[in-house]
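S.K.:
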Amino acid sequence: MDRNIKDEDWIVLGLETSCDDTSAAVLRSPGTILSSVVSSQFHLHRPYGGVVPELASRAHIRNIRPVVREALQQAGVALTQVELVAVTRGPGLIGSLLVGLNYAKALAYALDIPFVGVNHLEGHFFSSFLEHPGIEFPLLCLLVSGGHSSLYHAPEPGRYELVAGTRDDAAGEAYDKVAKMLGLSYPGGPVIDRLASGFGGEAVRFRLPKISDGSDDYSFSGLKTSVLQIVRKEGLSPVLSADRIDERILAILKGFQEAVVHQLLSRVESALPRYRPRSFILGGGVACNSLLRSRCRTLLEGEQGIGVYFPSPEYTTDNAAMVALTGAFRYRRAGGDALSLNAVPSLSLG
Ligand code: KG4
Ligand code: ZN
Numbered sequence: 001m002d003r004n005i006k007d008e009d010w011i012v013l014g015l016e017t018s019c020d021d022t023s024a025a026v027l028r029s030p031g032t033i034l035s036s037v038v039s040s041q042f043h044l045h046r047p048y049g050g051v052v053p054e055l056a057s058r059a060h061i062r063n064i065r066p067v068v069r070e071a072l073q074q075a076g077v078a079l080t081q082v083e084l085v086a087v088t089r090g091p092g093l094i095g096s097l098l099v100g101l102n103y104a105k106a107l108a109y110a111l112d113i114p115f116v117g118v119n120h121l122e123g124h125f126f127s128s129f130l131e132h133p134g135i136e137f138p139l140l141c142l143l144v145s146g147g148h149s150s151l152y153h154a155p156e157p158g159r160y161e162l163v164a165g166t167r168d169d170a171a172g173e174a175y176d177k178v179a180k181m182l183g184l185s186y187p188g189g190p191v192i193d194r195l196a197s198g199f200g201g202e203a204v205r206f207r208l209p210k211i212s213d214g215s216d217d218y219s220f221s222g223l224k225t226s227v228l229q230i231v232r233k234e235g236l237s238p239v240l241s242a243d244r245i246d247e248r249i250l251a252i253l254k255g256f257q258e259a260v261v262h263q264l265l266s267r268v269e270s271a272l273p274r275y276r277p278r279s280f281i282l283g284g285g286v287a288c289n290s291l292l293r294s295r296c297r298t299l300l301e302g303e304q305g306i307g308v309y310f311p312s313p314e315y316t317t318d319n320a321a322m323v324a325l326t327g328a329f330r331y332r333r334a335g336g337d338a339l340s341l342n343a344v345p346s347l348s349l350g
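In the working numbering, the protein residues as written are 1 to 350.
See the structure below:
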């Protein structure tokens with residue numbers, strides 16, 4: 001390969017199979033997304049109220065070839081034009097990660113091109129840059145998904161310091177568990193968001209958790225238990241039809257959402273004087289949340305004059321476009337990875 005990655009117009013193929021979505025995207029480096037295809041396994045896992053790892057990896061094996069083919073076709077790019085393969089290597093489900101990683105290695109080997117392993121969390125970090133390449137540093141980034149609720153400080157591109165992490169359940173996990181408890185469909189986040197924001201009545205008030213060692217970490221498991229206690233104490237029955245929901249349940253959902261967003265933003269607020277960020281970005285599935293988005297704007301843009309950026313919904317949940325962009329960035333900095341690179345289910349960032 002005699003081309004230099006610093007040249008413009010590199011064709012990067014991104015692959016993402018860390019959890020339950022099979023995704024491929026084609027990026028013309030430095031930042032033009034030519035295609036982004038996501039095959040969701042939503043219907044496969046829905047009856048179980050959560051992702052079943054074995055079913056997920058088997059579905060990735062079936063889906064990965066057609067998804068890659070579709071992404072190349074939409075981009076108008078032939079496989080032989082791809083110059084770099086970027087793939088998620090962790091964190092995630094080991095069986096799912098291995099499908100994407102091995103597919104990427106085989107492709108890179110066969111085409112004799114470099115490949116680079118990407119941290120899924122760094123991918124979510126970069127997702128805001130897909131549509132807003134000029135975001136200024138230093139910045140604070142809140143990554144909130146089914147597996148993470150983490151606040152990072154990034155003084156410059158590629159450097160991350162964890163400001164607050166997850167103590168127990170992640171924010172998205174709490175949404176999914178509360179939805180399951182109340183008989184609502186999976187994934188719980190979008191359903192609860194819709195019901196809670198559409199309810200005009202008074203919300204149930206939940207207390208903020210106090211972590212005994214005084215740390216600033218996030219904790220959502222107590223909130224989930226409080227919801228369960230109210231449901232049991234008041235003998236509330238699970239929702240049978242999404243069109244006819246008891247007002248008390250709507251009041252609980254509204255209060256739950258208020259409490260999640262309040263907790264997420266309280267850590268952001270207390271980090272502001274210390275880090276003095278120029279920008280704030282959101283990433284991960286929960287970053288689709290309507291209340292979280294509007295409160296971020298009010299708190300940060302309005303009151304503090306900080307630039308606030310969110311990815312569009314298609315780039316907020318798991319997608320390979322963010323992986324392709326992160327892979328291009330990583331490759332430019334440090335070159336490709338060896339074909340012996342392994343998947344790391346508990347990979348962290350910073
Ligand atoms: O980033 P993501 O697609 O997958 C993981 O890496 O986990 O996030 C999925 C999570 C699920 O827990 C889902 O319930 C949550 O994001 N979610 C939301 C919303 N949309 C998706 N949570 C709250 N409000 C939403 N609008
Ligand atoms: Zn994710």
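For each residue, glycine too, the CB sits at the ideal point set by N, CA and C.
1) Taking the straight line between their C-alpha atoms, what separation do you get for alanine 25 and glycine 183?
2) Work out the CA separation of histidine 124 and serine 197 for me, nearest whole Å.
3) Locate the beta strand (DSSP E) running through glutamate 16, then write down its first and last residues.
4) Give me the residue from His120, Gly307, Met322, Ser185 with the minimum Cα distance to arginine 278.
5) Using 8 angstroms as the Cβ pair cut-off and three pairs as the minimum, do the segment 11-21 and the segment 322-334 touch?
6) Expressed to the nearest angstrom, what Euclidean distance is found between the alpha-carbon atoms of serine 340 and arginine 58?
7) Counting beta carbon pairs with one atom in the segment 277-292 and one in the segment 255-267, are three or more of them shorter than 8 angstroms?
8) Can you pull every residue whose C-beta falls closer than 6 angstroms to some heavy atom of ligand 2, listed in chain order?
9) Using a Cβ-Cβ cut-off of 6 angstroms (strictly less than) and excluding sequence neighbours within five positions of phenylalanine 337, which residues of its own chain qualify?
10) Please report the Cβ distance between valine 87 and leucine 101, rounded to the nearest whole angstrom; I am assuming they are in contact, meaning their Cβ atoms lie under 8 angstroms.
11) Along the chain, where does the beta strand (DSSP E) that runs through cysteine 141 open and close?
12) Given this structure, state the Cα-to-Cα distance separating glycine 305 from serine 266, to the nearest angstrom.
13) Decide if methionine 1 is buried, meaning its Cβ has at least 16 other Cβ atoms within 10 Å, or exposed.
14) By the 10 Å Cβ neighbour count, where 16 or more other Cβ atoms means buried, how is aspartate 416 classified, buried or exposed?
M.R.: By the coordinates alone:
1) Counted from its first residue, the sequence shown places residue 25 at position 25. Counted from its first residue, the sequence shown places residue 183 at position 183. The alpha-carbon atoms of alanine 25 and glycine 183 are separated by roughly 35 angstroms.
2) The count along the sequence shown starts at 1 and reaches residue 197 at position 197. The count along the sequence shown starts at 1 and reaches residue 124 at position 124. Straight-line Cα distance between these residues: approximately 25 angstroms.
3) To locate residue 16, count along the sequence shown from 1; it is residue 16. Element bounds for glutamate 16: 10-16.
4) Residue 278 sits at position 278 when you count from the first residue of the sequence shown. Taking only the C-alpha atoms, the option nearest arginine 278 is Gly307.
5) yes
6) Your numbering for residue 340 matches position 340 in the sequence shown. Your numbering for residue 58 matches position 58 in the sequence shown. Rounded to the nearest angstrom, the two C-alpha atoms are 23 angstroms apart.
7) yes
8) His120, His124, Ser145, Gly284, Asp318
9) Translated into positions along the sequence shown, residue 337 becomes position 337. Per the sequence presented here, residue 337 reads as aspartate, with phenylalanine not at that position. Answer for aspartate 337: Val116, Gly117, listed in chain order.
10) Translated into positions along the sequence shown, residue 87 becomes position 87. Translated into positions along the sequence shown, residue 101 becomes position 101. At roughly 6 angstroms, the Cβ-Cβ gap stays under 8 angstroms, so valine 87 and leucine 101 are in contact.
11) What you label residue 141 is simply residue 141 of the sequence shown in a count that begins at 1. Note, cysteine 141: beta strand (DSSP E), 139-144.
12) Against the sequence shown, residue 305 aligns to sequence position 305. Against the sequence shown, residue 266 aligns to sequence position 266. Cα to Cα, glycine 305 sits roughly 17 angstroms from serine 266.
13) As a working note, residue 1 is residue 1 in the sequence shown. Its pLDDT being 45, under 50, methionine 1 is placed unreliably in this model, and the coordinates cannot settle the point.
14) What the structure shows of the chain is the stretch from 1 to 350, and residue 416 is not part of that stretch, so it cannot be assessed.
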